[in-house]
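The next block holds one structure in the form of C-alpha cells; read it before the comments.
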C-alpha cells in the first residue's frame, strides 16, 4: 500500500521558472490538499480538493495552481517561481474519519 | 479566522522525564482536534479528539481535550530519545471542506 506518493523530493529552481509537484494517492480518498511548511509558520494550506473536478483556495494560494482530473492525482503547479516560494511542500489526503495522510515532502529552493 | 497556539515552542528533557505539551485554539464551529508527530519528514497521526474529558491513550502518549476552555494537552511519560520530534496540533471545523488549521508545533528534544 503506497499511500501518498509525492515527487520530486528535492528541487532547485531559478526565479521565473515553472514546475509541477506531483501527488498521487491510492486510498481512494476524496479530499486532497497541499501545504507548505516554513520555519516558525507551521503548515499552511495552499489549495485543496474535495473530489475530482473540484478545487478551492486555502490560506496561501497566490502563485500556485492545482487541478483534480482524477481521484488519485492532485498536482501543484508553480507558475513563475519566486524566492518566497522556497519551502517544504507536503501533499496530503484525508480519510472519512478526518485523518490526514501526508506524502514525504518536497524541499524546494528558488534562487 | 481559525487559530492554534502551541506551547512551549521548544523543550529539552532528559530520558525518563514526563512532558506536557499544550495546544489552545480558536475555531468557528469546532469539529475535532488532532495531534501529529513530525520527525525528519512527513507528520504522522497520533490522536483525534472530538469530545471533552475523554482521554485518548497510546502507549506512553495520552491526550485530552477541554472544549470549554478551548485547549488540549499531549502527555508523554517516561520519554525516550525516539520521542524527539516536532509535535503538531491542528483543529478542524464543520464547514463543507472541514479545513485543518495547524499550530507552529512544539519541538521536543530528549537527551540521554
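Residue numbers (this note's numbering), protein chains in the order written: chain A, 1 to 111; chain B, 1001 to 1112.
All residues carry an ideal CB built from backbone N, CA and C; glycine is no exception.
As the structure is a prediction and not an experimental result, all values here were calculated from the model.
Against chain B, the beta carbon of residue 45(A) has neighbours under 9 angstroms at 1099, 1100, 1101, 1102, listed in chain order. Contact annotation: residue 1021(B) and residue 1073(B) have beta-carbon atoms nearer than 8 angstroms. Rounded to the nearest whole angstrom, the C-alpha separation of residue 1067(B) and residue 1051(B) is 7 angstroms. In the structure shown, residue 1083(B) adopts helical secondary structure according to DSSP, grouped into three states. Within chain B, no residue has its CB atom less than 8 angstroms from the CB of residue 10(A), the nearest being about 12 angstroms off. With fewer than 16 other Cβ atoms inside 10 Å of its own Cβ, residue 1028(B) counts as exposed. A straight line joining the alpha-carbon of residue 1110(B) with that of residue 1036(B) spans about 17 angstroms. Residue contact check for residue 1053(B) against chain A: no CB pair falls below 8 angstroms. Rounded to whole angstroms, residue 1006(B) and residue 1086(B) show a C-alpha spacing of 11 angstroms. Look at residue 1021(B): its C-beta is not under 8 angstroms from any C-beta on chain A. Beta bridge pairing from DSSP links residue 1014(B) with 1111(B).
Not flagged as an interface residue toward chain A: residue 1010(B), since no C-beta distance is shorter than 8 angstroms. Residues of the stretch 60-73 of chain A that bring their beta carbon within less than 8 angstroms of a beta carbon in chain B are absent altogether.
The criterion of a C-beta distance shorter than 8 angstroms is not satisfied by residue 111(A) and residue 4(A). If you check each beta-carbon in the stretch 94-108 of chain A against every beta-carbon of chain B, the ones closer than 9 angstroms belong to 94, 97, 98, 99, 100, 101, 102, 103, 104, 105. Closest by C-alpha distance to residue 1103(B), out of 2(A), 41(A), 14(A), is 41(A).
Only buried fits residue 101(A), as 16 or more other CB atoms lie within 10 angstroms of its CB. Taking C-beta separations shorter than 7 angstroms and ignoring five residues to either side along the sequence, the partners of residue 69(A) in its chain run 52, following chain order. In its chain, beyond the 5 residues on either side, 1047, 1049, 1062, 1063 have a beta carbon closer than 7 angstroms to the beta carbon of residue 1056(B).
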